[in-house]
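In this note's numbering, the protein residues as written are 1 to 180.
Right, dumping it as structure tokens:
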């Protein structure tokens with residue numbers, strides 16, 4: 001019982017710290033010291049994800065669902081940055097959808113800045129997780145990291161569940177890019 005009380009107090013302290021940091025750091029990301037220009041981190045509702053994906057006309061889209069509290073997600077993320085940099089000139093777009101609690105915006109911003117991300121990152125405000133999962137892909141069990149590849153016509157062309165390396169991402173996107 002004493003241990004559970006400590007765990008609960010620890011989570012409450014983390015929550016309050018994240019809330020305080022988010023309140024003091026609500027602005028957009030800026031140019032990083034390393035020179036990579038990052039896009040603004042935007043908080044969106046879960047129903048906006050599909051419209052964001054649909055707006056990527058004639059692009060191969062790599063949609064990644066992740067969270068800062070997910071160790072495999074953090075390990076995989078640099079591979080997505082490499083993938084984007086290697087294939088963006090060929091019509092590939094990476095979009096990252098963080099599913100952290102909105103109160104963790106400071107943690108998400110910090111992680112994205114550390115990674116020198118040069119693609120759009122959204123923080124998704126989830127209300128109905130099961131509905132959201134089914135909207136993305138009915139066969140997705142909801143585990144993260146999860147990456148979905150859409151071809152230039154917006155059709156689901158592949159999915160990678162779990163952490164992957166650059167070579168696996170490349171194998172998954174090349175057919176959609178028509179690259180051999």
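Even glycine gets a Cβ: it sits at the ideal position worked out from N, Cα and C.
Practice problem: Give the range of the beta strand (DSSP E) segment to which residue 43 is assigned. | Solution: For residue 43, the enclosing beta strand (DSSP E) stretches over residues 42-45.
Quiz item: How would you label residue 64, buried or exposed, when you count the other beta carbons within 10 angstroms and need 16 or more for buried?
Solution: By the 16-neighbour rule on beta-carbons within 10 angstroms, residue 64 is buried.
Quiz prompt | Status (buried if at least 16 other CB within 10 Å, exposed otherwise) for residue 162 | solution = Label assigned to residue 162: exposed.
Quiz item: Within 10 angstroms of its Cβ, does residue 107 collect 16 or more other Cβ (buried), or is it exposed?
Solution: With 16 or more other CB atoms across the displayed protein chains lying within 10 angstroms of its CB, residue 107 is buried.
Self-check item: Pairwise C-alpha distance: residue 132 and residue 119
Solution: Between the C-alpha atoms of residue 119 and residue 132 there is a straight-line separation of about 23 Å.
Practice problem: Would you tell me roughly how many angstroms separate the C-alpha atoms of residue 84 and residue 116, rounded to the nearest one? | Solution: Distance between the alpha carbons of residue 84 and residue 116 is about 12 Å.
Quiz prompt | Nearest to residue 165 (by Cα), restricted to the options 154, 75, 151 | solution = Out of 154, 75, 151, 75 has the C-alpha closest to the C-alpha of residue 165.
Quiz item: Between residue 168 and residue 156, is the Cβ-Cβ spacing less than 8 Å?
Solution: No; because the gap between Cβ atoms is not below 8 Å, this pair is not in contact.
Practice problem: Compare the Cα-Cα distances from residue 98 to each of 124, 170, 129, 60 and report the closest residue. | Solution: Nearest option by C-alpha distance: 124.
Quiz item: Among 69, 62, 143, which has the Cα closest to the Cα of residue 79?
Solution: Nearest C-alpha to residue 79: 62.
Quiz item: So, helix, strand or coil for residue 160, using DSSP?
Solution: Of the three classes helix, strand and coil, the one that applies to residue 160 here is strand, per DSSP.
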